[in-house]
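What follows is a short report on a single structure.
Protein chains in written order, with full-length UniProt numbering: chain B, 1 to 136; chain V, 1 to 793.
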């Protein structure tokens, strides 16, 4: 089969999704550590916050790639997640550095539960999209 | 901590492989864990499947009796292995315990109760040792419908009909009354996420609890009970061997265990039931270090008292206790000097230097700043402090700031309630990590973004004091207020390097904390400073069904360094019954706790959402609770507003909340004032919060000695509280309104001559000076009434 740009996009997306899966797993583990008092929130947030923007940028990057490759279906599937990322980042607590997690509020049970759920959902989504890119 | 009694074999195993049961472990990680990994599962083999914590008294006398030094309460115990309580045999309830409640019948579940723990009130209240407690506090005691139960006295109707209750005039006592623990089912199902809507079938055990824990430390009572600490190097050595001969005949099974001294492993297995029914307790618990009697575990201090303090052994210290360090930072820019605050502050500081809590290791330092930072080296041998000016403000080393006296004139134009920068938040977190608390005194006349600045106190367990437009000439009221508040601030009791852990029965989980601290982990609060003027609130949610539990318990443990350098642990335990009917929940509602918690939640909501959201939520809370009451509990539907007697003041309090500066809309409340009011709501103990919301009004020109208190040889009359309504004010009277941090005295035009001349010192009404200030600025809870009463005589 011809080595089209679209195929190239999918392959790249496959690799990058692997990275995103890794990030999602990291998040899940981190929140679990917080919940079980294994780490303290300040340190944990300092490790998590730098990961947030790269994840969003990677995802945005291959959305752009799919746009260029005119793969509308795939693009459509990723659009909601992109919008969600944008909304999440806009409504983050006031911080001077990049990131979403504020150590003073993260231990609030509400927020912790939300972040954990978010982690699991994202993991599921990235896994599904991984297999989709693989076979698509 | 309430632990179900586990059979000794299980007891050992629960701590993991033969580890010592009181694994105190290195400080904060395992600090209060001590075998609660198993949770509070009630399903334990053995006759005791329920916890038996002692119940906290719901009134301030728990602090009072400490203060009066009565010996049989709040025992200090140099016993190691804190936080472990044991099951008392239900046959030994302190039925004879002097029950001091004048109002709330927060009493023990009757001893007839089968295997539910006989919850006792903290025994040994010295009757009459304390002024009457605020009768509006209802203990969340719903009589469980137990077959053989003698119904304990119901909580007395709250607050009379509103106005008629005398307040506790804690005159002569400069410390706020001690620890209160209130529990209240949340008034608004909408605000408590796990409170199931009463429209549905009430689940078998709905007692969502939202206790407010203001661990305002009661004045430290008698010194720790001496005696050999029960050293427990390995598991379960028998108690001091020389007490073996004191075994009672009922406990003669311990004869088996006597051989266990030195051999920890044998001890557990030979305890059989003693009198009162199968009590399986480890050897140590059989010995009561206070009375030095063997064989009466139910008389141990931590079982008899809901509040207890331990000396913390060295495993609880990361390093030896720090000496107290006070660092004062003053703004000496031109504007600041012009307000003249420096004089007042320095003078007050000088006067109170000896009263700063601390010991011989106390350190003090000063820093001043305008555009550069000036450090003062207070070396011995110098006649004057040496001033070192640091102009590089990018990289400054500040040793242990504990106070931050600030007079800022930054001109930010933000209108947000949220902080605009998180610099102060980060700084506060850093300080908290170094066990430094920052208190902020803001004396600015201009807008100084208190929303951001306040963060530095909020997360480092400090407090914010705000004096608007402070100036020593134009505003003498503020001068005196600053003086008095500073004095209080410098001399109040304080604990350092504290952490607090709040635990609850399995099935409940703690959701949110309100107050000034940093939450280090799910239930651990880091408090670099803990003082009596701070209050904390906790939101709980019911995670699992509590059907098989009769009681749920809460325990808060505070590990702190006293100002004398001792490392101590203070434990409060509270136990509440679990009920099945919604009407019982309403019966046990504590309206003040509900209001306080709602206020805290509203502050959070107005910061995260909008102010109008928060206001709506407050109103909805009332509406929901009352409509739920009406629809589910009342059998007869009548027109009009029906409220349970416990919640009949609820609408009034919420209306009062809505009028607070923090929640007002439509007025031109300055942003800083609004933020300060919010800080007050979050930080103050409940007593002051309620006073701030719903002040107490007294008529003072016709005081009588009827029902007067005698405190410190002074007779303090107890005038009744009046309803806050203009119809209660009459022109012939003088009225005092106590609003927490400020008091107002209103003199009617035709007030009696006697009062004006004797009390106010002026000949007639017309010559009362406009800005008579001496009345207005009393801080702390000693009311001004004693003064007047003295003058009257």
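Quick reminder that beta carbons are idealized off the backbone N, C-alpha and C, glycines included. Keep in mind it's a predicted model, so treat the numbers as computed, not measured.
Excluding sequence positions up to five away, which residues of its chain have a Cβ less than 8 Å from the Cβ of residue i?
i: residue 642(V); result: 626, 629, 630, 634
i: residue 5(B); result: 68, 69
i: residue 51(B); result: 23, 26, 27
i: residue 664(V); result: 658, 674
i: residue 797(V); result: Coverage of chain V is limited to positions 1 through 793, which leaves residue 797(V) absent and any answer about it impossible.
i: residue 729(V); result: 735, 746, 748
i: residue 500(V); result: 215, 517, 524, 525, 527, 530, 536, 556, 557, 558, 559
Between which residues of its own chain and residue i is the CB-CB distance below 6 Å, once the five residues before and five after are set aside?
i: residue 746(V); result: 735
i: residue 466(V); result: 442, 676
i: residue 644(V); result: 586, 629
i: residue 740(V); result: 688, 691, 692
i: residue 107(B); result: 41
i: residue 431(V); result: 438, 460
i: residue 332(V); result: 368, 370
i: residue 358(V); result: 324, 563
i: residue 464(V); result: 440, 454, 457, 679
Report the rounded CA-to-CA distance for residue i versus residue j, giving the unit in angstroms.
i: residue 699(V); j: residue 428(V); result: 45 Å
i: residue 419(V); j: residue 95(B); result: 10 Å
i: residue 610(V); j: residue 656(V); result: 19 Å
i: residue 620(V); j: residue 654(V); result: 10 Å
i: residue 526(V); j: residue 426(V); result: 15 Å
i: residue 253(V); j: residue 693(V); result: Reliability of the predicted coordinates at residue 253(V) is poor, the pLDDT of 36 falling under 50, and the value obtained from them is presented with this limitation in mind. Cα-Cα distance, rounded: 59 Å.
i: residue 8(B); j: residue 125(B); result: 21 Å
i: residue 709(V); j: residue 757(V); result: 25 Å
i: residue 573(V); j: residue 510(V); result: 16 Å
i: residue 338(V); j: residue 484(V); result: 21 Å
i: residue 56(B); j: residue 62(B); result: 10 Å
i: residue 726(V); j: residue 648(V); result: 21 Å
i: residue 132(B); j: residue 522(V); result: 38 Å
i: residue 317(V); j: residue 711(V); result: 40 Å
i: residue 364(V); j: residue 566(V); result: 20 Å
i: residue 345(V); j: residue 473(V); result: 15 Å
i: residue 605(V); j: residue 618(V); result: 10 Å
i: residue 12(B); j: residue 77(B); result: 17 Å
i: residue 632(V); j: residue 622(V); result: 15 Å
i: residue 695(V); j: residue 596(V); result: 14 Å
i: residue 669(V); j: residue 680(V); result: 16 Å
i: residue 636(V); j: residue 583(V); result: 14 Å
i: residue 570(V); j: residue 528(V); result: 16 Å
i: residue 519(V); j: residue 433(V); result: 11 Å
Skipping 5 residues on each side, what residues in its chain have a beta carbon closer than 7 Å to that of residue i?
i: residue 101(B); result: 45, 48, 49
i: residue 410(V); result: For residue 410(V), the pLDDT reaches just 27, beneath the cut-off of 50, and the residue's location in the model is therefore unreliable, although a value from the coordinates is still provided. Cβ neighbours of residue 410(V) beyond the five flanking positions: 448, 449.
i: residue 760(V); result: 768
i: residue 515(V); result: 534, 535, 536, 537, 682, 683
i: residue 20(B); result: 55, 58, 59, 126
i: residue 678(V); result: 603, 662
i: residue 731(V); result: 748, 749, 750
i: residue 614(V); result: 602, 605, 606, 663
Just the chain V side, please: which residues come within less than 8 Å of residue i by C-beta, in chain order?
i: residue 107(B); result: 519, 520, 521, 522
Where DSSP assigns a beta bridge to residue i, which residues make up the other side?
i: residue 514(V); result: 537(V)
i: residue 434(V); result: None; residue 434(V) has no bridge partner.
i: residue 699(V); result: 735(V)
i: residue 570(V); result: 309(V), 558(V)
i: residue 743(V); result: 738(V)
i: residue 500(V); result: 525(V), 558(V)
i: residue 330(V); result: 368(V)
i: residue 78(B); result: Partner(s): none; residue 78(B) has no beta bridge.
So with CB distances below 8 Å, who are the chain B contacts of residue i?
i: residue 422(V); result: 93, 94, 95, 96, 102
i: residue 453(V); result: The premise fails here: residue 453(V) is roughly 14 Å from chain B at the closest Cβ pair, so nothing lies under 8 Å.
i: residue 419(V); result: 94
Which residues in chain B have a C-beta closer than 9 Å to the C-beta of residue i? List them in chain order.
i: residue 509(V); result: 109
i: residue 506(V); result: Neighbours of residue 506(V) on chain B: none; closest Cβ ~16 Å, over 9 Å.
Under the criterion of a Cβ to heavy atom distance below 6 Å, does residue i qualify as lining the ligand SAM?
i: residue 421(V); result: Absence of the ligand SAM is noted for the structure shown, with no ligands found whatsoever.
Can you list the residues of chain B that residue i reaches, using a CB-CB cut of under 7 Å?
i: residue 610(V); result: What residue 610(V) touches in chain B: nothing, since even the nearest Cβ is about 14 Å away.
Task: Every unbroken beta strand (DSSP E) inside the segment 436-476 of chain V [3 residues or more] - done: 439-442, 464-466
- [ ] For the segment 574-647 of chain V, list the alpha helix (DSSP H) runs that are entirely contained and at least 4 residues long, ordered along the chain.
- [x] 582-587, 591-608, 611-628
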